[in-house]
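S.K.:
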């Protein structure tokens, strides 16, 4: 038997026939592709490239995942049989296969059962498109589960990407116009807002806390900025004032929640509530319309975030580029700078981080301050997008920021994850929202589905250890 | 020596109750001075039906907060709403209508939800806060699906619950039963296990406590309280409302924290939670007596947020407070402030003009309604009327301002208060006598002062009348 267990399965005699079958299948798929290509009179070079690509991909998928899956479980069951001192048998192998893949089999079972039930109850459900969608989902489920075993640290990122790809394919099959330019642009704009709002939440989560003041800060800055502009303050100065206020409130959050780290989320909730109340009181003084602010949004702010915004002549709103720049800076910074590494050190283990002279207090204040800044920035940009101040504009972000962090795979226990993961989470959420809206689901059903979605996602990567192991 | 140690421990454990007690009497004083109708029969009646769901949902949170792991069930509000809307819909469908069925249904629904919650926390080992967020989203979505807009009708036998004309409404009976139930529950060994698990789960596990069972037990208690809260909420609005229940999340978390419950687990008292909920109601009540115009709601938001943060910070300051205030018993503070407050309430609601002989003919409606009492005042020689002794103390008076006067001028209540004051004073003297400090003297002085105060209150009628005659 080979030394490396990862390569062992591919050399065992069990799988040799499987590999031949795979070769034949790959050749068949490539041949069909080539046939279609020539039938459509595509240029010969394209057809050759595509055929080679299809062949390689099919062979890789088959050998790398399907064969390995079968072989690994066969190997495991044989090892179990040897331990028990019995002869390996087909029945035992089957049992071993079933017990090693409970999750996948349960998922497949639910999928098939759901499909059968739906096609029996809903007339017109059993179409080729739906059948294909179900098959695609099943294949994606099996592939994701098997393939994710090969990943260690970045497993959640891989699963997130697979979920993103799956939803994207399913959505583009089922929703008309999903792949159109305007739709993708609008998805990206919303993803940029959510991504910017989630910057602070991700950093706070890496440190092991939660910030629930984000939605209130977004709403407050949205209303407050328009109010300041309405007072006649030049708009760039107004934006700076709002951002400074956000930094101050974020710092206050950190200051107040540092002594009570277990209850950081309740402290921030209280601060958020007070901020939103105070902002509304200040903006309503002398106005008969409480809670509403009317005014003219400056053109440069609208251009920054509105759907028809233009960046240096390109018809894409600058907010998308801002988000991309922030994301690259954060991903790079968390990975390669001392600050980023210290943040992970603190999130992973407070005591050992303090032993190497990392100031817990400073980092705690820092991440909450950044959170305050990013929330107010999002609020200001949202003003440019909507063109009117509204205190409730931040409300969806209460759970969206949290869900994006969690779905991406940043552990809420601290010390693991990062902004790259969050970007995946944001995109998954946004594509899912667009899909659910596209198939005509109402808001309350969307909310219900998000609620049910968060739990299994967290269960995938943020399970606490059993109490037994903590003694 | 041993008694001193035990006393010190006994008093310092409850020091955190000082804050809610002080706040309670402060708010009560302001409320009564600004709006004396609060302490009339109908004032108390309408206040208690509003405050009952809040008290019960705070109790529900208390049960799980005690279990540790920062189990703050943020989904309590949507859960109340969920039971409310499903109950209304089931009633509309004619499935449940009798009181037994409605009670059984709402308690059952609350318990089932909470058991599922607990099982997820135990088996999937996801942080409770994530489970509760997930439940918040899912339930608030599904509530809108079940009942898209407020409507429907509560069962007929429930329709009188929301009128709030009497003190002994079903809501207050539920609160009383819940409070009593919790007091009995806290005498069981199970409660001891629960507190042990909340303050140190590992210690509980290693000393053989079956932590899974205990956690489920805490959730069952929480579910029962949630069911009761939903019943009193339904009684309050007499219909179904998919969104209003959700607002209970933030205020009951605030009430919980205000009542001195530690969100880290292991420390909670029913008295504290009760006071916390009452304080929160009083804050809203006091604010509503001021006229803030259009920003009324925002001022309330601001105050709730500030009080949430401040009371959380109090838990940080608690160790320092305990060092300074070790010899102050919250119980005595409560009694002393209670007596002071009675004086204030009496002052606020006393009808001085009716007593003064210079006023000639007293203001008509009050004097006519309580003619017997006016006669007493005018002619101090005559003893109080006999029938008053047999009449129910509170139900007799329908008109507002002279409730307190009637309460204190009936002989039964005078005797009861006097007896209570003497018993408390004696009890405190005996309790403190073993310590060689000055505190017994202080307590003796307070006790004598209390007795003197009661005597004065008893004879106010006569005194005032005599002073009036003296002029």
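Protein chains in written order, with our numbering: chain S, 281 to 751; chain X, 3 to 473.
Glycine is no exception: its CB is placed at the ideal position from the N, C-alpha and C atoms.
1) Does any residue of chain S bring its CB to less than 8 Å from the CB of residue 144 of chain X?
2) Beta carbons nearer than 9 Å to chain S: which residues of the segment 290-310 of chain X have them?
3) Alpha carbons only, please: which of S:648, S:703, S:725 is nearest the one belonging to residue 490 of chain S?
4) Could you work out which residues of chain S lie near residue 36 of chain X, taking near to mean beta carbons separated by less than 7 Å?
5) Check each residue of the segment 130-157 of chain X: if its Cβ is closer than 9 Å to any Cβ of chain S, include it; give the result in chain order.
6) Taking the runs of the alpha helix (DSSP H) that are 4 residues or longer, which of them lie wholly in the segment 99-159 of chain X?
7) Whole angstroms is fine: what's the gap from residue 176 of chain X's alpha carbon to residue 561 of chain S's?
8) Tell me the DSSP bridge mates of residue 317 of chain X?
9) Under 7 Å between beta-carbons, which chain S residues line up against residue 271 of chain X? List them in chain order, please.
10) So that I know if they touch, is there some Cβ in chain X lying closer than 8 Å to that of residue 267 of chain S?
11) Output the distance between the C-alpha atoms of residue 613 of chain S and residue 684 of chain S, rounded to the nearest integer angstrom.
12) For a cutoff of 8 Å on Cβ pairs, would you count residue 127 of chain X as touching chain S?
13) If we cut at 8 Å on Cβ distances, does residue 644 of chain S have a partner in chain B?
14) May I ask you to verify whether the segment 432-452 of chain S touches the segment 632-651 of chain S, counting CB pairs closer than 8 Å and requiring at least 3?
15) Hey, does residue 288 of chain X have any beta-carbon neighbour from chain S nearer than 8 Å?
16) Any residues in the segment 205-236 of chain X with a beta carbon nearer than 8 Å to a beta carbon of chain S? Which ones, in chain order?
17) What first and last residue would you give for the alpha helix (DSSP H) that runs through residue 465 of chain S?
18) With a threshold of 16 other CB atoms inside 10 Å of the CB of residue 598 of chain S, please say whether the residue is buried or exposed.
19) Go through its chain and collect everything with a Cβ distance to residue 671 of chain S's Cβ below 8 Å, but skip five positions before and after it.
20) With a cut-off of 8 Å, does the C-beta of residue 181 of chain X fall near any C-beta of chain S?
21) Please list, in chain order, the chain X residues whose beta carbon lies closer than 7 Å to that of residue 756 of chain S.
22) Who are the Cβ neighbours of residue 120 of chain X in its own chain at under 7 Å, not counting the five residues just before and after it?
23) Determine the contact status of residue 343 of chain S and residue 299 of chain S, defining contact as a CB-CB distance below 8 Å.
24) Can you find a heavy atom of the ligand ZN that lies under 7 Å from the Cβ of residue 601 of chain S?
25) Write down the C-beta distance between residue 22 of chain X and residue 260 of chain X rounded to the nearest angstrom, noting that I regard them as a contact closer than 8 Å.
26) Taking any Cβ of chain S, which residues in the segment 15-31 of chain X have a Cβ under 7 Å from it, in chain order?
27) Helix, strand or coil for residue 669 of chain S? Go by DSSP, reduced to three states.
28) Just the Cα atoms here: how many angstroms apart are residue 406 of chain S and residue 165 of chain X?
29) Hey, residue 241 of chain X and residue 152 of chain X: beta-carbon distance below 8 Å or not?
30) Please decide whether residue 317 of chain X counts as near chain S, where near means a Cβ-Cβ distance under 8 Å.
31) Within the continuous alpha helix (DSSP H) that includes residue 528 of chain S, where are the two ends?
32) What did DSSP end up calling residue 242 of chain X once you bin it into helix, strand or coil?
33) With distance defined between alpha-carbon atoms, name the residue in S:403, S:477, S:336 nearest to residue 602 of chain S.
34) Roughly how many angstroms separate the alpha carbons of residue 655 of chain S and residue 426 of chain S, rounded to a whole number?
35) Excluding the 5 residues preceding and the 5 following residue 717 of chain S in the sequence, name in chain order all residues of the same chain whose CB lies nearer than 8 Å to its CB.
36) For residue 256 of chain S, which residues from the same chain have a beta carbon less than 7 Å from its beta carbon, with the 5 sequence-adjacent residues on both sides left out?
M.R.: Let me lay it out:
1) By this cut-off, residue 144 of chain X is an interface position.
2) Only 294, 295, 296, 297, 298, 299, 300, 301, 302, 303, 304, 305, 306, 307, 308, 309, 310 from the segment 290-310 of chain X bring a Cβ to less than 9 Å from some Cβ of chain S.
3) When the alpha-carbon of residue 490 of chain S is set against those of S:648, S:703, S:725, the nearest one is in S:648.
4) In chain order: nothing, as chain S lies at least about 21 Å away.
5) Answer in chain order: 131, 132, 133, 135, 136, 137, 138, 139, 140, 141, 142, 143, 144, 145, 146, 147, 150.
6) Counting whole runs of 4 or more residues, the segment 99-159 of chain X contains the alpha helix (DSSP H) stretches 101-121, 130-148.
7) Residue 176 of chain X and residue 561 of chain S have their C-alpha atoms some 38 Å from each other.
8) Assignment of beta-bridge partners to residue 317 of chain X by DSSP yields no partner.
9) Ordered by position in chain S, no residue passes the 7 Å Cβ test against residue 271 of chain X, which lies about 18 Å from the chain.
10) Only positions 281 to 751 of chain S appear in the structure, and residue 267 of chain S is not among them; the question remains open.
11) Taken atom to atom, the span from the alpha-carbon of residue 613 of chain S to that of residue 684 of chain S is near 20 Å.
12) Taking Cβ atoms only, chain S reaches closer than 8 Å to residue 127 of chain X, which makes this a yes.
13) The structure shown contains no chain B; its protein chains are S and X.
14) Fewer than three Cβ pairs drawn from the segment 432-452 of chain S and the segment 632-651 of chain S lie within less than 8 Å of each other, which leaves the two stretches out of contact.
15) Between residue 288 of chain X and chain S, the shortest Cβ-Cβ separation is not below 8 Å.
16) Within the segment 205-236 of chain X, the residues whose Cβ lies closer than 8 Å to some Cβ of chain S are 207, 208, 213, listed in chain order.
17) From DSSP, the alpha helix (DSSP H) with residue 465 of chain S extends over 461-486.
18) Around the CB of residue 598 of chain S, 16 or more other CB atoms lie within 10 Å, so the residue is classed as buried.
19) Answer for residue 671 of chain S: 499, 500, 502, 503, 556, 559, 560, 571, listed in chain order.
20) Against chain S, the CB of residue 181 of chain X has no partner CB under 8 Å away; the residue lies outside that interface.
21) Past the edges of chain S, shown from 281 to 751, lies residue 756 of chain S, and the structure says nothing about it.
22) Counting only Cβ-Cβ distances below 7 Å, and skipping sequence neighbours, we find 217, 218, 221.
23) Residue 343 of chain S is a Cβ neighbour of residue 299 of chain S, given a cutoff of 8 Å.
24) Among the ligands in the structure shown, none appear at all, so the ligand ZN cannot be discussed.
25) Yes, they are in contact, since the Cβ atoms of residue 22 of chain X and residue 260 of chain X sit about 6 Å apart, within 8 Å.
26) Listed in sequence order: no entries.
27) In this structure, DSSP gives residue 669 of chain S an extended state, which the three-state scheme calls strand.
28) Computed Cα separation, rounded: 55 Å.
29) Going by C-beta atoms, residue 241 of chain X is nearer than 8 Å to residue 152 of chain X.
30) Against chain S, the CB of residue 317 of chain X has a partner CB under 8 Å away; the residue lies at that interface.
31) Where residue 528 of chain S is concerned, the enclosing alpha helix (DSSP H) stretches over 515-537.
32) In this structure, DSSP gives residue 242 of chain X an extended state, which the three-state scheme calls strand.
33) Measuring C-alpha to C-alpha distances from residue 602 of chain S to each of S:403, S:477, S:336 identifies S:477 as the nearest.
34) Going by the C-alpha atoms only, they are around 38 Å apart.
35) Excluding residues up to 5 positions away in sequence, 726 lie with their Cβ nearer than 8 Å to the Cβ of residue 717 of chain S in the same chain.
36) Shown here, chain S extends from 281 to 751; a query on residue 256 of chain S therefore has no answer.
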